[in-house]
Every structure is written in C-alpha cells, then in structure tokens.
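Colleague: The numbering used here numbers the first residue of the sequence shown as 24 and each following residue consecutively.
A virtual CB, placed ideally from N, CA and C, is assigned to each residue, including glycine.
It should be emphasised that the depicted structure is a prediction, and the values quoted were computed from it without experimental measurement.
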Amino acid sequence: MSEPQIVRRDANSVSPRRELANAIRALSMDAVQAANSGHPGAPMGMADIAEVLWRDFLAHNPANPDWFNRDRFVLSNGHGSMLLYSLLHLSGYDLPIEQLKNFRQSDSQTPGHPEYRETPGVETTTGPLGQGLANAVGMALAESHLAARFNRDDLSIVDHYTYAFAGDGCLMEGISHEACSLAGTLGLGKLIVVYDDNGISIDGEVEGWFSDDTPARFEAYGWQVIPAVDGHDANAIAQAFDTARQNIQQPSLICCETVIGWGSPNKSGTSGVHGAALGAEEVAATRQELRWTHDPFVIPPTIYSAWNARAAGASREALWNEQLQAYRGRFPELATEFERVTGGRLPGDWQDTAANCVTDMLAAGKEATRKSSERVLDSLAPGLPELIGGSADLTGSNNTWHKASSVLNAATPQGNYVYYGVREFAMSAVMNGMCLHGGVVPYGGTFLVFSDYARNAVRMAALMGLGCIYVYTHDSIGLGEDGPTHQPVEHANALRLIPNLDVWRPADAAETALAWVAAVERRDGPSCLLLTRQGLPAQDPNEARAKDIARGGYVLLDPPGTCDAVIIATGSELEVARAVASELNANGHAIRVVSMPCAEVFARQDKSWRESVLPREVTRRISIEAGSTDFWYRYVGLDGLAIGLDQFGASAPAGELFAKFGLDVAGCKARIGAYLS
24 MSEPQIVRRD ANSVSPRREL ANAIRALSMD AVQAANSGHP GAPMGMADIA EVLWRDFLAH
84 NPANPDWFNR DRFVLSNGHG SMLLYSLLHL SGYDLPIEQL KNFRQSDSQT PGHPEYRETP
144 GVETTTGPLG QGLANAVGMA LAESHLAARF NRDDLSIVDH YTYAFAGDGC LMEGISHEAC
204 SLAGTLGLGK LIVVYDDNGI SIDGEVEGWF SDDTPARFEA YGWQVIPAVD GHDANAIAQA
264 FDTARQNIQQ PSLICCETVI GWGSPNKSGT SGVHGAALGA EEVAATRQEL RWTHDPFVIP
324 PTIYSAWNAR AAGASREALW NEQLQAYRGR FPELATEFER VTGGRLPGDW QDTAANCVTD
384 MLAAGKEATR KSSERVLDSL APGLPELIGG SADLTGSNNT WHKASSVLNA ATPQGNYVYY
444 GVREFAMSAV MNGMCLHGGV VPYGGTFLVF SDYARNAVRM AALMGLGCIY VYTHDSIGLG
504 EDGPTHQPVE HANALRLIPN LDVWRPADAA ETALAWVAAV ERRDGPSCLL LTRQGLPAQD
564 PNEARAKDIA RGGYVLLDPP GTCDAVIIAT GSELEVARAV ASELNANGHA IRVVSMPCAE
624 VFARQDKSWR ESVLPREVTR RISIEAGSTD FWYRYVGLDG LAIGLDQFGA SAPAGELFAK
684 FGLDVAGCKA RIGAYLS
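Listed below in structure tokens is the structure:
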C-alpha cells in the first residue's frame, strides 16, 4: 500500500490532473468542515481514481441524468458522499455550489449519504455498506439481459458499463460475498468495481479484523482481478480501467492502493480522517500541502471548464439517438417494445389481461395461495416480458417458476428467471439494482421467515420507492413440521412497520391475483406477497368483490341488519373468521367479517370507504391472524380482542398446530364468544 508520505513527495509539483482531483479534495473537506459532520477520508483518498474514471471513461450526460444508455456509477461506500456530490457539481449536473455548502443540512440536495431521487445523477441510495455493490450487480444484470433481448446486428442500443466504488467495509459485509459470487457465476463482464484498499475503517487499521486475501477471493468468484494499482497514479489507474473494459466475459475488480485522507499532512492514513471534519487548522494545512490557494467552495473557471462534461455528454446521447432512430427503421416492433419497457409503461392490453386473470381466479377451488400465485404468473407473465423472476434456492417451494419462464444465466442472458442460490439478502438488493436500472420488473421468492435476512434491502427499496416484488411463502405455522425455526411469527408485522411497503396476505386465489396485479402496477414502492403452503378455500366468486379486494380491506360477510361486532382477518385465518361468525350469528350475534389483505392499501382509501368497512360506532372488534398481535390493536382498539401468536411455533402437522395455539374454529369461537358475552 502507498504510504502517507506520498502526499509530501508529490505536493511540490502539482500536475494538471492532480489539480483537477484536488478540486474534489477541497470541496469535500470544505463541505464536511462547514457541516462539522461527514466523512472526508474516502473522497480525498479516491479523488485521483474518480478523476480518471469520470473524465476519461464514464459515458454520461449531466444535462440528462436519465439518459438510458448512460454508464451507471454507484458509490457503495456511501459515507463518502462528498466525493459523488463534488463529481456531480464539477461535471455540470444541476447541483449548484450552494447545495454543497448546505451539505448534510435540512432540505438540501446533499444529504449525509447519497439518496436516489433527491440528487440529480445519484443512481442509488447507499450507506448501508455492501448494498450499493449488490445494486451494481443488479444494474449490470439488467444491462446484460436487455442487451441480449434487444440488440441486433450492428445496432447495440443497450451498451453501457456499471462502475462501483467500494471500500473495506463493503467487502467485509456478508452481502458482498453473496452478490459478488453471483456476479462471477453470471459472467457480468460490464461490471467494474474499484476497491479502495486504504486499510482503515472507523476502528482503525483493519488488519486486526480484515486479513482476507481479497484478490484471491475475487479470482475464486470468477472475476478478473487487477491487483496492486497505485490509486494516486493517473496513468496506472487509466491502464487498469482499460484492462477491465477489454474483458466483457468476467466482472472486474480493480484493487487500488490508496491513502485515506490523501493531502492531509497530519491525519492522512489514519482513522482520524475517516468520519470527522479535519478541523480548521488541518484544513488550512491541507490547502498548503496541496498548493490549493482558493477560498472555501471557490473553483477557478479553468478547472470548471476542464471538468464540465455537458458537451461530451450531449454528443454521446445524440449519437445514441441516431442509432436508436436507425433501430426504429429496421426493427420497428422491437423499438416500440424497447421504448415501452424502458419508459416503465405496461402493455396496452394489460388491463384486459389482468381482468381476465382475476376472473379466472375467482372461480378457483381450494388451493395454497403459493400455488394460486404460480397460476397467476402463468396467466400474466407471457404478456409481461419485462417480468424477471427468481428464488433464493426455493423455486419449487415458492412456486415462482411459471410456464413462460426461461433460465437467465451467463449462457442465456435473455432469459427471465434467475436462480439466486441461497442468497436472500443479495437477491433482494440485486432486484433493487435491476429496478433502478430500468426496463425490467423483478420479483424474487423465499420463505417469509427468511425475510429477516433480506430486510435491509427491502427497507432500501421502500426508501427509494422501487417497484420490486418480494414473494414470501410458508407464511405461518401452517407450514407445519419444519418447526419454529421456519415458522414466521413476527415477520408480517415487522414488514408492515416499514414505510412505503405494501404487505399483501391474500386469503384465496382471487385475492392473490389482485395482489399480483397491484404489485405489478405499483411503480412507486415495493410490495410483499405473503403466501400459504396449505390449501385455502375460495371465498365468494363474485366479480364485484374484485374491486373491493383492490381497496385492501372490504366486507366479506355481513349479518342481516346492523352488525354489533367486527372480525378482521387475513390470509388463512379468513376462513376461520367466516366460520366462527357464521356459527355465532346463527346463535343471535350480528358479526361482520372484514378481509384485510393489505392494510397499507386500505389505509390509503378515502375516509368514507374505511368507515363503511369499519364503522366507528361498532366498538367491539376482533382480529385473527396467525402471527404477532401488536399491529392489530390499531384496528381493534385497546379494548378489542387480537387473536394471534405471540410466541414461537412448534414442529407438528399444520392442523394440529392451529388447534394447539387456539387458531382453529373451536379455539377462536371460544375466545370470541367469551369476549362478546
């Protein structure tokens, strides 16, 4: 690794390229100092690498950050956000200097970690280490798939790279192992990752807790590894990128040896520069060391001019538009389809396809909702080629493979189904990257209990407003003999705690179909489908019911006259609620049964609908769901009855378990009867 003294050695003669990189260093240390908060070390250490990549290789257009064929850049070590903000500002994106001055301040476009949709040019929200790297894998996967699907002859309308910066922390996180192993197996040769090998993390020198042979590790994954690159030598960096770009059969890891906080005479190479402002005295000393004579946040016009990428970006996009126009002339149907999927538009016949699917599913017999889900996919997927499925080694159990599925791998990137292997977390974050890239709608499956492994990626999808679809089967103790390690208890409600996440727990085939339709149509946030292993009977085959299901909560069963109690249920417990209400109503009660397949969608309905389903004057309320009960008190009230499972399950056949825990008809009837008496 380069020694900190390299700063003093080079500072006597500042080359033009070094001065351009020093603009990043100056902006980064000034912004962190102004905020008295942030991470100056990574931006200062990676400035030389970023200068080479962004000025010599990255294809992008600052005037149009959404140009489809741009290269994607991901700062996986997102705590170094000022590196990215400096690059965006200097390159000509709509990120004025005032925003850099307001780094980490309320309502600025420069939050502490990069946030998708908040800052033009930011491709993904990063900060939870390793996830940006997995997002980059998803972006490269989407590029490879779309290129195979649409490119023809000499007209390559999908042809771009995905670049990611990652640090020691990203590579320590387990998700990096999952995602990078998959990327090597899939042969994602348009993915280039730069490893900032500076040997420092918050706690100090990483050799005490991170002694991996990183090059050997990535070689074992099947990556091309370019080791021991001097991360402060522009020529060596450029040569490494050239080498990486020439190999499109393997993803590439460029191992750049850098000094964290390069330029700081007293703090470079130490953890002291990782996550805190340098301090006014050290900022002044660094200016002197770098021979940067300009005031804070002042960039000379010559440096702005050298950095500005607007003209080059406009030229690149114009050439691509010419190619797209030629493509339209030679392949008009493909061009129309390409522009549809990259524009995020559903097929013109989607409404008819969805309606026919729902009608068919209304007539379904008794079956597990995971099987209903498979049949819905059989119906919808052939007309929705942007749908890319997969499972974390549970394809046969999740029922995520449909009749139109074909394997997506290194040999067949045009396929539409990814075998993710036992990688729930990476699968979810890769799906996020695919969504961010555009042109595809990803879904992926695992058991509901393993949503814990994937949770932070699901949270990130909700935070970014991505339309991923997470299929979670074996949704309760109904999975039976596998026992409490595999039986979710708190998981449904834990997912419901995530803002902007729609959690569907359908009770029959029709509700499953509506859940899928809603998830596909929802492009501003993710959806989870919680599906059963055990068979469930169909409820009313009434087409009017379909519109009610789509509202997230509706009246399934009403007694004659005015009801005096309401039972709310989801999923497999809806049949229990209906049976209990029918028996109690026959004995003089007047109980309404409400199905609530998606509480989040129900909460978005107008007040009149919500009150028509759950009348305010009906204060005796009961919920039944085979999981933790805390969530349901918002609907039943503190004096209501929430029937569920606030303990771990057990290993036994499903029917025995429902009886054991009082979740069968007899057990629920006894508790509800006592509550109403």
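Since glycine 150 contacts glycine 61 with CB under 8 Å, what's their CB separation in whole angstroms?
Modeller: Contact flag wrong, Cβ pair sits at about 12 Å.
Colleague: Among the residues of its own chain, which have a CB less than 6 Å from the CB of histidine 612, if the five just before and after it don't count?
Modeller: Contacts found: none.
Colleague: So, helix, strand or coil for valine 540, using DSSP?
Modeller: Here valine 540 sits in helix by DSSP.
Colleague: Quick check on the DSSP output: what are the complete alpha helix (DSSP H) runs of length 4 or more inside the region 152-212, in order along the chain?
Modeller: You should have 154-173, 191-195 and 197-209.
Colleague: Any idea what DSSP makes of tryptophan 15, helix, strand or coil?
Modeller: Because the chain spans 24 through 700 in this model, residue 15 falls outside it and cannot be assessed.
Colleague: Among residues of its own chain, excluding the 5 on either side of glycine 212, which ones have a beta-carbon nearer than 7 Å to its beta-carbon?
Modeller: Answer for glycine 212: Asn270, Ile271, Gln272, Gln273 and Pro274, listed in chain order.
Colleague: Is isoleucine 436 helix, strand or coil by DSSP?
Modeller: Residue identity differs from the one stated: residue 436 is proline in this sequence, not isoleucine. Coil.
Colleague: Alanine 675 by DSSP, collapsed to three states: which one?
Modeller: Three-state result, alanine 675: coil.
Colleague: What does a CB cutoff of less than 6 Å around phenylalanine 241 pick up in its chain, not counting 5 residues either side in sequence?
Modeller: Same-chain partners within the cutoff: Val248 and Leu276.
Colleague: Pull up the DSSP beta-bridge partners for phenylalanine 96, would you.
Modeller: Bridge partners of phenylalanine 96: Tyr186.
Colleague: If you draw a straight line from the alpha carbon of aspartate 176 to that of tyrosine 350, how long is it in whole angstroms?
Modeller: Straight-line Cα distance between these residues: approximately 10 Å.
Colleague: Would you mind giving the Cβ-Cβ distance between aspartate 498 and threonine 555, rounded to the nearest angstrom? I have them listed as a contact below 8 Å.
Modeller: Aspartate 498 to threonine 555, Cβ: 6 Å. Contact.
Colleague: Which partner residues does proline 465 have in the DSSP bridge list?
Modeller: In DSSP, proline 465 forms a bridge with Ile411.
Colleague: Buried or exposed: isoleucine 180, going by 16 or more other Cβ atoms within 10 Å of its Cβ?
Modeller: Isoleucine 180 comes out buried.
Colleague: Cutting at 6 Å between CB atoms, please list the residues of its own chain near phenylalanine 126, excluding the five before and the five after it.
Modeller: Same-chain partners within the cutoff: Ala54, Ala58 and Thr133.
Colleague: Do you know offhand how far alanine 433's Cα is from tryptophan 232's?
Modeller: Taking the straight line joining both Cα atoms gives about 34 Å.
Colleague: Quick one: give me the first and last residue of the alpha helix (DSSP H) that proline 355 is part of.
Modeller: Taken as a continuous stretch (DSSP letters only), the alpha helix (DSSP H) holding proline 355 covers 355-365.
Colleague: Run through the region 575-624 for me and flag every whole alpha helix (DSSP H) of 4 or more residues, listed as ranges in chain order.
Modeller: The qualifying runs are 596-608.
Colleague: Looking at the strands, I want to know which residues DSSP matches up with aspartate 253.
Modeller: Per DSSP, Glu280.
Colleague: Taking the alpha-carbon positions, what's the asparagine 174 to threonine 148 distance?
Modeller: Their backbone Cα atoms lie some 29 Å apart in a straight line.
Colleague: Within 10 angstroms of the Cβ of threonine 701, are there 16 or more other Cβ atoms? Answer buried if so, exposed if not.
Modeller: Since the first and last residues shown for the chain are 24 and 700, residue 701 lies out of range.
Colleague: According to the Cβ coordinates, are leucine 106 and glycine 144 closer than 9 Å?
Modeller: Not a contact, by the Cβ cut-off of 9 Å.
Colleague: Contact between the region 69-89 and the region 329-347 is defined here as three or more beta-carbon pairs at a separation below 8 Å; is this criterion met?
Modeller: With a cut-off of 8 Å, the region 329-347 and the region 69-89 count as touching, because enough Cβ pairs lie within range.
Colleague: Is glycine 61 near the ligand SAM - that is, is its Cβ less than 8 Å away from at least one heavy atom of it?
Modeller: You won't find the ligand SAM in this model; it holds no ligand whatsoever.
Colleague: From Lys570, Asp117 and Ala73, pick the residue whose C-alpha is nearest to that of proline 88; which is it?
Modeller: Minimum Cα distance to proline 88 is reached at Asp117.
Colleague: Classify aspartate 375 as helix, strand or coil using the three-state DSSP reduction.
Modeller: DSSP places aspartate 375 in helix when its eight states are reduced to three.
Colleague: Using the rule of at least 16 other Cβ atoms within 10 Å of the residue's Cβ for burial, across every protein chain shown, is serine 109 buried or exposed?
Modeller: Under this definition serine 109 is a buried residue.
Colleague: Tell me whether aspartate 220 sits in a helix, a strand or coil according to DSSP, three-state version.
Modeller: Here aspartate 220 sits in strand by DSSP.
Colleague: Give the straight-line distance between the Cα atoms of arginine 568 and phenylalanine 625, rounded to the nearest whole angstrom.
Modeller: Whole-angstrom Cα-Cα distance: 15 Å.
Colleague: Which value, in whole angstroms, describes the spacing of the CA atoms of glutamate 566 and glycine 558?
Modeller: Whole-angstrom Cα-Cα distance: 22 Å.
Colleague: Below 7 Å CB to CB, which residues in the same chain sit around alanine 337 once its five sequence neighbours on both sides are set aside?
Modeller: These residues qualify, in order along the chain: Asn84 and Ala86.
Colleague: With distances taken between CB atoms, is the gap from serine 550 to glycine 462 smaller than 9 Å?
Modeller: Not a contact, by the Cβ cut-off of 9 Å.
Colleague: Is DSSP giving glutamate 228 helix, strand or coil here?
Modeller: Glutamate 228 falls in the strand class under three-state DSSP.
Colleague: Using C-beta distances below 6 Å, list every residue in its chain close to leucine 169, excluding the 5 sequence neighbours before and after it, in chain order.
Modeller: Closer than 6 Å at the Cβ level, and outside the excluded window around leucine 169, lie Val181 and Gly462.
Colleague: Can we say the region 156-164 touches the region 180-200, given the rule of at least three CB pairs closer than 8 Å?
Modeller: They touch, by the three-pair rule.
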